[in-house]
Amino acid sequence: MTRDVVDTPEGLAEAVARIAAGDDVIAVDTERASGHRYGQRAFLIQLRQHDVGTVLVDPEALADLEGLAAVLGEREWILHSATQDLPCLNERGLYPGRLFDTELAARILGMEKVGLAALTETLLGVELAKGFGAADWSKRPLPDDWLEYASLDVEYLEEMREILIDRLKQEGRWEWASAEFETLLDFRPKANPEPWRRTSGMHQVRDPRGREIVRQLWLARDEVARELDRAPHRVLNDTMIVAVAKQRPASEAEVRRVPGFRSVRRKEVWLRAVERAQQTPESELPGPAEQSGPPAPKNWKRKHPDAAQRLTDLKAATRVVADELGIPPEVLIPPAAVRALAWQPPAELSLDAVTDHLAASGARSWQIALVGQPLMEALQQPVA
10 MTRDVVDTPE GLAEAVARIA AGDDVIAVDT ERASGHRYGQ RAFLIQLRQH
60 DVGTVLVDPE ALADLEGLAA VLGEREWILH SATQDLPCLN ERGLYPGRLF
110 DTELAARILG MEKVGLAALT ETLLGVELAK GFGAADWSKR PLPDDWLEYA
160 SLDVEYLEEM REILIDRLKQ EGRWEWASAE FETLLDFRPK ANPEPWRRTS
210 GMHQVRDPRG REIVRQLWLA RDEVARELDR APHRVLNDTM IVAVAKQRPA
260 SEAEVRRVPG FRSVRRKEVW LRAVERAQQT PESELPGPAE QSGPPAPKNW
310 KRKHPDAAQR LTDLKAATRV VADELGIPPE VLIPPAAVRA LAWQPPAELS
360 LDAVTDHLAA SGARSWQIAL VGQPLMEALQ QPVA
């Protein structure tokens with residue numbers, strides 16, 4: 010079956026008119042090429058309304074998506090794992106009016122297998138084709154079997170939504186789900202002011218000069234990757250960055266002797282980056298990453314035993330409620346909210362104080378209503 014892709018302003022105008030005349034609920038998905046291209050942008054947008062059918066849009070070929078943004082902004086989107094797709098859609102100015110996340114709905118219902126393929130089979134008995142999720146979706150023209158695969162990702166979302174809504178209402182969990190979907194409308198990935206610190210293997214680099222080498226190589230790689238529109242790891246992998254930083258080379262000759270460096274491309278770019286790192290004044294070298302929020306719990310037992318005991322008690326209390334409801338603890342309450350409560354509980358261990366603390370950490374009202382009392386009681390237990 011041949012699937013047409015909207016890749017001209019005229020074709021988009023026609024598609025927008027069809028969508029505008031259709032239902033106010035629309036299934037939405039994207040295909041990206043983050044393993045191949047720079048960034049997380051969408052290379053295909055899949056849209057489906059039951060009374061219109063499926064529309065495939067090539068956002069790379071269309072500079073202006075304003076008309077599409079207008080009609081989509083008036084509709085409820087059905088997404089599966091919304092946080093995966095919203096950033097690249099937002100990047101092109103596309104925002105939902107309302108939202109339903111099939112994966113999140115399934116998790117709130119306590120379903121064990123919540124991936125799209127597994128959920129489609131569980132709810133509808135339909136097996137989705139597999140095989141192209143990690144493909145290079147920047148390729149043009151896109152093969153017909155890829156387009157068919159992409160179309161199936163939105164084919165059944167509306168049917169699944171109807172089933173999930175019925176189950177949520179039957180279980181008395183529709184209000185919980187609605188609150189979560191409302192929260193998702195404001196989802197934005199947290200900006201990382203120092204993305205170079207996320208270099209894989211960074212924990213092996215323990216000295217300031219080594220960290221500066223990582224930083225300069227990361228920045229140089231990012232610039233090249235952006236220019237080439239290529240995934241950064243395809244330009245220079247993290248393993249090589251860390252290997253150079255661990256050696257702390259003091260000269261070009263020492264850089265060239267790092268195992269594996271001889272086989273990398275653009276050697277001069279990386280050599281200049283290392284030279285910049287070598288010339289950075291001591292006073293400007295990066296220190297260890299600044300701690301935001303509580304430290305990693307793995308160190309609490311040794312360094313902060315009281316906090317570690319509180320965390321154990323709070324997790325146990327959360328698990329009891331989660332098991333009673335048959336949902337994952339992380340759906341019942343954000344883990345970060347539990348850690349923050351364990352690390353620095355309110356001075357007054359009242360329900361109001363615990364409620365305020367959890368709300369300030371991002372817990373929703375329905376979550377606090379379910380676990381606020383058990384968490385307060387857990388905090389009131391004497392610390393051994």
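Residue numbers (the working numbering): 10 to 393. Ideal Cβ placement from N, Cα and C applies to all residues, glycine included. Bear in mind the structure is a predicted one, so any value in this text is a computation, not a measurement.
Give the DSSP-derived three-state secondary structure of residue i in the structure shown.
i: Val64; result: strand
i: Thr208; result: coil
i: Asp110; result: strand
i: Val15; result: strand
i: Glu130; result: helix
i: Lys6; result: A query on residue 6 cannot be resolved here, the shown segment of the chain reaching from 10 to 393 and no further.
i: Tyr104; result: coil
i: Thr289; result: coil
i: Ala143; result: coil
i: Ala159; result: helix
i: Pro383; result: helix
i: Leu237; result: helix
i: Ala190; result: Residue identity check: residue 190 is Phe in the sequence provided, not Ala. If DSSP states are grouped into helix, strand and coil, Phe190 belongs with the helices.
i: Val251; result: helix
Answer with buried or exposed for residue i, where buried requires no fewer than 16 other C-beta atoms within 10 angstroms of its C-beta.
i: Ser160; result: buried
i: Asp94; result: buried
i: Thr17; result: exposed
i: Asp332; result: exposed
i: Val64; result: buried
i: Arg46; result: buried
i: Thr327; result: buried
i: Leu162; result: A quick correction: the sequence has Asp, not Leu, at residue 162. The residue in question, Asp162, is buried, as its Cβ has 16 or more Cβ neighbours within 10 Å.
i: Arg170; result: buried
i: Pro68; result: buried
i: Gln225; result: buried
i: Glu136; result: exposed
i: Leu98; result: buried
i: Gly181; result: exposed
Can you tell which of the options has its C-alpha closest to the C-alpha of residue i?
i: Leu118; options: Lys255, Leu173 and Arg235; result: Leu173
i: Glu85; options: Phe190, Ala26, Lys178 and Glu121; result: Phe190
i: Ala51; options: Gln58, His59, Ala42 and Ala262; result: Ala42
i: His366; options: Tyr104, Pro355 and Ala298; result: Pro355
i: Ser374; options: Ala186, Glu112 and Leu156; result: Ala186
i: Phe109; options: Trp205, Leu323 and Val37; result: Val37
i: Ala30; options: Asp73, Glu83 and Val14; result: Glu83
i: Glu167; options: Thr129, Arg239, Lys276 and Gly210; result: Thr129
i: Gln49; options: Ala234, Ala346, Gly181 and Pro303; result: Ala234
i: Leu53; options: Val80, Gly106, Leu88 and Val14; result: Val14
i: Ala372; options: Ala70, Ala188 and Gly106; result: Ala188
i: Arg176; options: Lys199, Pro150, Glu339 and Thr111; result: Thr111
i: Thr39; options: Asp60, Val66, Pro344 and Val61; result: Val66
i: Glu19; options: Ala72, His59, Gln58 and Ile35; result: Ala72
What residues match up with residue i in a beta bridge as DSSP calls it?
i: Ile35; result: Trp86
i: Glu168; result: Beta-bridge pairing links Glu168 to no other residue.
i: Glu221; result: Partner(s): none; Glu221 has no beta bridge.
i: Glu40; result: Leu53
Check your understanding: In the region 42-99, which residue ranges form an unbroken beta strand (DSSP E) of at least 3 residues, counting only runs that do not cross its ends?
Key -> Entirely contained in the region 42-99, the beta strand (DSSP E) runs reaching 3 residues are, in chain order, 51-58, 62-66 and 85-88.
**Study point:** alpha helix (DSSP H) runs wholly inside the region 294-368, at least 4 long, in chain order
**Key:** Here the runs fully enclosed are 309-312, 314-334, 338-341 and 344-352.
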